[in-house]
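Residue numbers (this note's numbering): 266 to 343.
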């Protein structure tokens with residue numbers, strides 16, 4: 266757990282391992298984008314695996330926005 270959410274995926278070297286590539290954002294060096302990606306991944310994993318944690322959490326504006334974006338993307342893909 267990280268701040269009441271499930272932790273985001275972690276990657277290491279090499280950049281490509283058994284055909285799986287590290288997300289470009291993590292290689293970009295842009296720390297703000299990396300932090301946003303990590304938060305989005307944590308929210309997505311928590312939503313799928315432990316929705317009870319989200320239900321009990323007071324969400325920030327950023328977390329609410331990211332969850333709404335995920336919901337919209339899910340609806341658009343149907």
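The beta-carbon is built from N, C-alpha and C at its ideal position, and this holds for glycine as well.
- Residue 286 has 281 as its beta-bridge partners, per DSSP.
- The residues 270, 271, 318 and 319, in chain order, have a CB closer than 7 angstroms to that of residue 311 in the same chain once the five nearest residues on each side in sequence are set aside.
- Straight-line spacing of the CA atoms in residue 335 and residue 281 works out to 26 angstroms.
- The residues 308, 312, 319 and 324, in chain order, have a CB closer than 8 angstroms to that of residue 332 in the same chain once the five nearest residues on each side in sequence are set aside.
- Excluding the 5 residues flanking it on each side, residue 297 has no same chain C-beta neighbour closer than 7 angstroms.
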